[in-house]
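Peer 1:
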Amino acid sequence: VVLLLPRAPEACPHGLAPTTSTLLQLVIGDALAIALLEARGFTPDHFRTFHPGGQLGANLTQIREIMHVGDRLPLVPSGTGMHEAILELSRKGFGCVAITDADGALIGIITDGDIRRHIGSNLLAMSVDQVMTKEPKTAGSDTLVATALQTINSSTISSLMVVEGRRPVGLVHLHDLLRIGAA
């Protein structure tokens with residue numbers, strides 16, 4: 654098979670430096686790459702597999718693969734006093750604590766910023782229900798890292814609770830996304 658490119662003058666004013674010809678080669682290379690991609694059924698999962706250390710692989714990772722789970726989750730039940738909530742927030746080190754109802758469903762979140770904003774209002778005498786942000790930003794465990802990063806950036810938050818139904822099952826922090834090279 655011969656791929657014949659048109660003869661085109663170089664963009665260099667002296668006609669010497671390869672400019673137009675290199676661009677034509679790039680176009681052919683990209684066209685061949687896309688044709689092969691389609692012919693072989695190359696999917697985003699293939700990109701993730703063959704580029705695991707790069708930004709492509711990182712952005713195509715599902716957050717279930719990097720989220721913190723189990724005892725690492727900063728959780729307290731509704732009605733908890735702020736003293737205990739602050740201790741939990743400090744123990745877990747994510748800058749937030751999630752609030753759950755009696756059924757284990759996520760109903761709110763308190764961040765270190767919320768604590769700073771309430772510091773002069775007898776904070777330790779309050780319950781989490783008085784301080785929490787209701788309906789926090791969440792993601793499903795199958796959410797792509799790139800989508801989670803977009804949510805975190807657009808919402809100016811540093812952590813994202815991962816839920817199944819309404820129950821918290823994980824947490825992903827901005828630092829986790831940076832660590833795998835997503836940003």
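Numbers given in my numbering equal positions in the sequence shown, counted from 1, plus 653. C-beta atoms are modelled at their ideal positions from N, C-alpha and C, and glycine is treated no differently. Note that the structure is a prediction, hence the values are computed from the model and not measured.
Please classify residue 813: does DSSP put it in a helix, a strand, or coil?
Peer 2: Of the three classes helix, strand and coil, the one that applies to residue 813 here is strand, per DSSP.
Peer 1: Where does the unbroken beta strand (DSSP E) through residue 822 begin, and where does it stop?
Peer 2: From DSSP, the beta strand (DSSP E) with residue 822 extends over 820-826.
Peer 1: With burial defined as no fewer than 16 other Cβ atoms inside 10 Å of the residue's Cβ, what is the status of residue 725: buried or exposed?
Peer 2: So residue 725 counts as exposed.
Peer 1: What residue ranges within the stretch 774-808 form continuous alpha helix (DSSP H) runs of no fewer than 4 residues, ordered along the chain?
Peer 2: With a minimum length of 4 residues, the continuous alpha helix (DSSP H) runs that stay inside the stretch 774-808 are 781-784, 798-808.
Peer 1: If you run the structure through DSSP and keep just helix, strand and coil, what is residue 697?
Peer 2: Note: residue 697 maps to helix in three-state DSSP.
Peer 1: Classify residue 764 as helix, strand or coil using the three-state DSSP reduction.
Peer 2: Strand at residue 764.
Peer 1: Any chance the stretch 692-704 sits against the stretch 772-790, with 3 or more Cβ pairs inside 8 Å?
Peer 2: Result no; under three Cβ-Cβ pairs closer than 8 Å.
Peer 1: Beta strand (DSSP E) containing residue 753: first to last residue?
Peer 2: Residue 753 -> beta strand (DSSP E) spans 749-753.
Peer 1: Starting from residue 729 and walking both ways along the beta strand (DSSP E), at which residues does that stretch end?
Peer 2: Start and end: 728-730.
Peer 1: Counting only the same chain and skipping the five closest in sequence on each side, list residues whose C-beta sits under 7 Å from that of residue 764.
Peer 2: 748, 749, listed in sequence order.
Peer 1: Count the other C-beta atoms from every protein chain shown that fall within 10 angstroms of the C-beta of residue 741, then say buried if there are 16 or more, exposed otherwise.
Peer 2: The residue in question, residue 741, is buried, as its Cβ has 16 or more Cβ neighbours within 10 Å.
Peer 1: Is residue 682 helix, strand or coil by DSSP?
Peer 2: Residue state, collapsed to three classes: helix.
Peer 1: Using only the alpha-carbon positions, how far apart do residue 778 and residue 737 sit?
Peer 2: Going by the C-alpha atoms only, they are around 11 Å apart.
Peer 1: Just checking my contact of residue 815 with residue 824 at CB under 8 Å: how many whole Å lie between their CB atoms?
Peer 2: Sure, about 6 Å apart at Cβ, within 8 Å.
Peer 1: Could you tell me how far apart the beta carbons of residue 762 and residue 731 are, in whole angstroms, since I believe they sit closer than 8 Å?
Peer 2: Actually they do not touch by this definition, with Cβ atoms about 12 Å apart.
Peer 1: Just to confirm, are residue 822 and residue 711 a CB contact at a threshold of 8 Å?
Peer 2: Not a contact, by the Cβ cut-off of 8 Å.
Peer 1: Run the CB neighbour count on residue 751, radius 10 Å, all protein chains shown included, and call it buried at 16 or more, exposed below.
Peer 2: Burial call: buried.
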